[in-house]
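Everything below concerns the one structure shown next.
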Amino acid sequence: MKITINGTEKEVEFKSVYTHKIDRWFNEILYKDSKGWEVNFANYQLANDYAVEQMTNLTKEEIDELSVDDFNKIIEKIKEIKIPSKK
Numbered sequence: 491m492k493i494t495i496n497g498t499e500k501e502v503e504f505k506s507v508y509t510h511k512i513d514r515w516f517n518e519i520l521y522k523d524s525k526g527w528e529v530n531f532a533n534y535q536l537a538n539d540y541a542v543e544q545m546t547n548l549t550k551e552e553i554d555e556l557s558v559d560d561f562n563k564i565i566e567k568i569k570e571i572k573i574p575s576k577k
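In my numbering, the protein residues as written are 491 to 577.
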C-alpha cells in the first residue's frame, strides 16, 4: 500500500501475522483505566497507533503525519490480517 507523508510517497509494509502479543497489548491500552467494557476514545486512538506501529514499517513520527484517510485504510488492512476471511 502506498501512502504520502509530508509530500513523500512511501510503501507501507505489513507483517503477515497479528500476534497474540500485539493483541494483548492492544487490549491493555484500549481498556486502561476503564470500568468494565467501556472504552475511552483516547485509549482507542492510542491502541490503534500501537497496532499500526507494530504491524507496519512506519515510525511513530510517520504515523502522526498520516492523513486520517490513509490511517483508516491501514487499520482496515490490519483488521484483514487479524481476522482473515475464510476461503
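From the three backbone atoms N, C-alpha and C, an ideal C-beta is built for every residue, glycine too.
With 16 other Cβ atoms within 10 Å as the buried cut-off, status of residue i
{"i": "residue 444", "result": "Absent from the structure is residue 444, since the part of the chain shown begins at 491 and ends at 577."}
{"i": "residue 491", "result": "exposed"}
{"i": "residue 568", "result": "buried"}
{"i": "residue 508", "result": "buried"}
Where the beta strand (DSSP E) through residue i begins and ends
{"i": "residue 500", "result": "498-501"}
Residue(s) in a DSSP beta bridge with residue i
{"i": "residue 549", "result": "Paired residues: none, contrary to the question."}
{"i": "residue 494", "result": "499"}
Any non-hydrogen atom of the ligand MG closer than 6 Å to residue i Cβ
{"i": "residue 543", "result": "Summarising the ligand content, the structure contains no ligands, and the ligand MG is consequently not present."}
Sequence-distant residues of the same chain with beta carbon closer than 7 Å to residue i, five excluded per side
{"i": "residue 516", "result": "537, 540, 541"}
{"i": "residue 493", "result": "500, 502, 556, 560"}
{"i": "residue 546", "result": "502, 503, 504, 564"}
Endpoints, alpha helix (DSSP H) assigned at residue i
{"i": "residue 566", "result": "558-572"}
Contact set for residue i: own chain, Cβ-Cβ below 8 Å, skip 5 residues either direction
{"i": "residue 550", "result": "539, 543"}
Secondary structure, beta strand (DSSP E): runs of 3+ residues fully inside the region 505-529: none
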